[in-house]
Ligand SMILES: [Zn+2]
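Residue numbers (this note's numbering): 5 to 322.
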């Protein structure tokens, strides 16, 4: 069966470069510049629908984060640079960047649901998946993907959201936020044991949500074959049973073999195949609706090339 493809959105705003993490920090503005420079030199750039995200209404941020926390982050940014933990910096430019990063996800969801886009990639900073409801950590201020899931449920009345997290680090924040919520299926592959320490096999959700957290921890050195097997054998059957109405990807590219922060061995071809598998789920469950959101990825060349491979599959042009 041939799936009729709609346009693919690329959400970016230059304010993401104003999130200043300080000299020598791996999560730096050059990451996004590397993605843009790389994509602009490819044939796929002209086929992407480049969209400018508006800042999210902070009321939607409060679907996940308590108002006191949102206020704390705003203050930390305005008075910054402020170290929220040793690695997590809020700078004066971070406030608008953070609101537009969430806004990229919510705008993308709006445009998928109104039919103007079929899929979207959000090239955002700061990343989100380590942010807990009431605590910034691991370079993350607001949990972009978690807010996106809640937004899709509240604004668009979607019942079931699948979050696929292939960042090399476990998305402890996203897991915690949905740990007892059977309406959101959280699936993660990650190096283990590794930062942030969570993501063991036994962490499977709580109460009515038991089974709707699925962690596949991978030992250092694992690569494409182990990742693809986890997706095919563990994610696919469970996701098709779940039948999501929207798929969100926490798309970190730091499981790449060239990444300086971690020890997995994925390649661009591996990211293409993971994307193909997730697309298969989305095509069968929800007319291909995927919003992919950048998380980590710290080798600039590997990041650009991996995002290209990912987008080629979303555009179905391989
Ligand atoms: Zn990461």
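Quick reminder that beta carbons are idealized off the backbone N, C-alpha and C, glycines included.
Straight-line Cα distance separating residue 82 from residue 233: Spanning the two alpha carbons is a distance of roughly 45 Å.
Is there at least one Cβ from chain D nearer than 9 Å to residue 317's Cβ? Chain labels in this structure do not include chain D; a single protein chain is all it has.
Looking at the secondary structure, which residues open and close the beta strand (DSSP E) in which residue 114 lies? Taken as a continuous stretch (DSSP letters only), residue 114 belongs to no beta strand (DSSP E), being part of the alpha helix (DSSP H) at 98-117.
Can you tell me the Cβ-Cβ gap for residue 34 and residue 304, rounded? I've got them flagged as a contact below 8 Å. About 6 Å; that satisfies the 8 Å criterion.
When you measure from the CB of residue 267 to every non-hydrogen atom of ligand 1, does any distance come out below 8 Å? No.
Please report the Cβ distance between residue 129 and residue 37, rounded to the nearest whole angstrom; I am assuming they are in contact, meaning their Cβ atoms lie under 8 Å. Contact between residue 129 and residue 37 is ruled out by a C-beta separation of about 11 Å, above the 8 Å threshold.
Any heavy atom of ligand 1 closer than 8 Å to the beta-carbon of residue 300? For residue 300, the shortest separation between its Cβ and any heavy atom of ligand 1 lies below 8 Å.
Does DSSP put residue 160 in a helix, in a strand, or in coil? In this structure, DSSP gives residue 160 a helical state, which the three-state scheme calls helix.
Contact under 9 Å by Cβ, residue 95 with residue 17: With contacts defined as CB atoms closer than 9 Å, residue 95 and residue 17 fail to qualify as a contacting pair.
Give the secondary structure of residue 151 by DSSP, where H, G and I count as helix, E and B as strand, and everything else as coil. In this structure, residue 151 counts as helix in the three-state DSSP scheme.
Below 7 Å CB to CB, which residues in the same chain sit around residue 307 once its five sequence neighbours on both sides are set aside? Excluding sequence neighbours, residue 307 sits near 35, 38, 39, 257, 301.
Do residue 315 and residue 125 have their beta-carbon atoms positioned less than 9 Å apart in this structure? Cβ distance < 9 Å, so residue 125 and residue 315 count as in contact.
For residue 88, report the span of its beta strand (DSSP E) as first-last. Residues 86-89.
When 200, 48, 191, 185 are compared against residue 212, the one with the closest alpha-carbon: A check of alpha carbon separations from residue 212 across 200, 48, 191, 185 identifies 185 as the nearest.
Which residues in the same chain have their Cβ closer than 6 Å to the Cβ of residue 294, if we skip the five residues on either side of it in sequence? The beta carbon of residue 294 sits closer than 6 Å to the beta carbons of 123, 251, 286 from its chain, once the five residues preceding and following it are set aside; these are given in chain order.
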